[in-house]
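Protein chains in written order, with this note's numbering: chain G, -1 to 303; chain X, -1 to 303.
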């Protein structure tokens, strides 16, 4: 499948209606996943805070995990070695183990797993990873999903304005810096990873207000400032908006604000995700690079065997 | 006080023996702090996992906080608005509230606080912020502290090798990229923030194995690769060491490995922290920039009032 068609599948993933079969007697949730499969746990953790949620992206699990822990493993392929390692540890501690995967070893060792379609890039399956979390633990409803669907459908029809942004990066060989804010801080990280994997360029993210305690001091006098492009997600929180405006003013930095006029969490979430997907995809096209190519990661995995 | 003398105080902070007066009947720990005061919670969270620990750096607290939550506010000045906002919310939920501060509003509203000396930069007080956490919740002992003290004392006597590293950055106007790994991933972030605040240059961090799922794809063909310098913390974990070596090889990237031959967590922790402190300080000196100057952050705070 052409990569752009993978992107266009995202809107349908929002309607993915699977949920985990979980009773309410649990103390905390641990979500394990790496890279494109790990980002779902991080985004969810920022939104759902009724119980402690930990998103981990490493080999080992925290000590506190026990039989009252809901442990959810996310691995598109089902064969990510770090994720498998955490699942095996969580099983030994008798956690309630669940998974989202298209198959692989994970499907073989976790009884309660949600199967998702195979054949696309793991990072293109972010909707399949996110929705079971929202369906199970939150009151996000069909109305929210329809709003998000419509917005994504519009972007799929015409994203020329995003293509122009990508061209700006190409023309200037910019390094993208993406600044988010709650509850979308981790979407900024998603953009970073999409620039890495799709466009094959370095990028990084941070968020308001934390960045006002570090990045801000560098924004005026850093080396080669003209080589960075700054994307900032708009916020409905007055204090954050103030911080964005004042930071721009006193550091004399051009902020490219990415925003949608919506009070709907899910709609804005998927809008921001999709924007990052398209901009990194279009940049790959302009650079004449295959956005699907992850041969370096494949080579690494092979050498690790 | 000259900034270098603040750095030299770090070794004495390791012997700071204060602890929180906490009984064992708690469900989770939430540590709130921004920037230089927030990093302690993040480093601690990566080391201590017997109970769920959340490090937050924002205005709001998670919903799950209740009377069984140990809530620790960290603010050097005691007046950080985000941190004060979280404390007020935590108090309303009857959490067990503690603080580490040199005074300010925090000392006025939190009864159980640990007072630390005023008069230095918040980011130079990282030992004062970390040690009460270690003293209270872990079995880190005097032997560990003595080892760390000795190592830092040696660095204070002679850090010419670090000065040379700083000069390399200056000569090439590099952007530092710092790659850590567990349990030192957040020390890589500490380096980033020190480059921001002391040297006034942009920098970013990531960690193994997560970066093998994103940065790695960009390392070969990113724009202007010759403008980045990569620092990688050595690891005693064979799988991580393998990942470092293979990543270097297949992406053809020069990794500057920062390491100390020690199996002692605390010694290596403070070694890595201090290395980052010095390199960012020396770079400021060479750039002829005042590492203490945070006037932009001060200006921002003023405009926010």
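C-beta atoms are modelled at their ideal positions from N, C-alpha and C, and glycine is treated no differently.
Contacts of residue i in chain G (Cβ-Cβ under 7 Å)
i             : result
residue 216/X : 194, 198, 199 and 200
residue 191/X : 212
Span of the alpha helix (DSSP H) around residue i
i             : result
residue 282/X : 263 to 285
residue 130/X : 124 to 135
residue 20/G  : Note, residue 20/G: premise wrong, no alpha helix (DSSP H); not H, not E.
residue 3/X   : 1 to 6
residue 256/G : No alpha helix (DSSP H) contains residue 256/G, which is instead part of the beta strand (DSSP E) from 253 to 256.
residue 118/X : Note, residue 118/X: premise wrong, no alpha helix (DSSP H); not H, not E.
residue 154/X : 140 to 155
residue 294/X : 293 to 302
residue 107/X : 102 to 107
Contacts that residue i makes with chain X (C-beta to C-beta distance below 8 Å)
i             : result
residue 12/G  : Those within 8 Å of residue 12/G in chain X number zero; the least Cβ separation is about 24 Å.
residue 177/G : The premise fails here: residue 177/G is roughly 12 Å from chain X at the closest Cβ pair, so nothing lies under 8 Å.
Residue-level contact to chain X via CB, residue i, 8 Å cutoff
i             : result
residue 305/G : With chain G covering only -1 through 303, there is no way to say anything about residue 305/G.
residue 224/G : no
residue 376/G : Any property of residue 376/G remains undetermined from this structure, which presents chain G solely from -1 to 303.
residue 208/G : yes
residue 239/G : no
C-beta neighbour in chain G for residue i, strict 8 Å
i             : result
residue 49/X  : yes
residue 221/X : yes
residue 161/X : no
residue 137/X : no
residue 32/X  : yes
residue 171/X : yes
residue 80/X  : yes
residue 96/X  : no
residue 245/X : yes
Contact set between residue i and chain X, taken where Cβ atoms lie within less than 7 Å
i             : result
residue 275/G : Going along chain X, no residue has its Cβ under 7 Å from residue 275/G, so there is no contact; the nearest lies around 14 Å.
residue 297/G : 248
residue 26/G  : 50
residue 134/G : Simply none; closest approach about 17 Å.
Delimiting residues of the beta strand (DSSP E) encompassing residue i
i             : result
residue 176/G : 173 to 179
residue 111/X : 111 to 113
Interface residues of chain G facing residue i [CB-CB closer than 9 Å]
i             : result
residue 155/X : Near residue 155/X there are no residues of chain G at all, since even the closest Cβ is about 29 Å away, more than 9 Å.
Neighbour list for residue i in chain X, Cβ cutoff strictly below 9 Å
i            : result
residue 57/G : 180, 207, 235, 237 and 238
Where residue i meets chain G, residues with beta-carbon distance less than 8 Å
i            : result
residue 19/X : Within 8 Å Cβ-Cβ: nothing; residue 19/X doesn't reach chain G, min ~22 Å.
Interface residues of chain C facing residue i [CB-CB closer than 8 Å]
i            : result
residue 62/G : In the structure shown, chain C cannot be found, because the protein chains are G and X.
Across the stretch 79 to 86 of chain G and the stretch 207 to 223 of chain G, are there enough close Cβ pairs to call them in contact, namely three or more that are closer than 8 Å? no
Suppose only complete runs of 3+ residues qualify. What are the beta strand (DSSP E) ranges in the stretch 23 to 94 of chain X, listed by chain order? 26 to 30, 51 to 54 and 67 to 73
Does the pairing of the stretch 222 to 242 of chain G with the stretch 244 to 260 of chain X give three or more beta-carbon distances under 8 Å? no
Does the stretch 57 to 74 of chain G come close enough to the stretch 3 to 16 of chain G to have 3 or more Cβ pairs within less than 8 Å? no
Are the stretch 184 to 194 of chain G and the stretch 208 to 216 of chain G touching by the rule of at least three beta carbon pairs closer than 8 Å? no
My parser needs the alpha helix (DSSP H) runs of 4 or more residues fully inside the stretch 161 to 247 of chain X; what are they? 183 to 192 and 213 to 216
Three or more C-beta pairs under 8 Å: does that hold for the stretch 32 to 44 of chain G against the stretch 83 to 97 of chain G? no
Would the stretch 161 to 170 of chain G and the stretch 278 to 292 of chain G be scored as touching if the rule is three or more Cβ pairs under 8 Å? yes
Touch check for the stretch 289 to 302 of chain G and the stretch 104 to 111 of chain X: three-plus C-beta pairs under 8 Å? no
Does the stretch 147 to 154 of chain X come close enough to the stretch 264 to 274 of chain X to have 3 or more Cβ pairs within less than 8 Å? yes
Examine the Cβ distances between the stretch 63 to 74 of chain X and the stretch 25 to 32 of chain X and report whether three or more of them are shorter than 8 Å. yes
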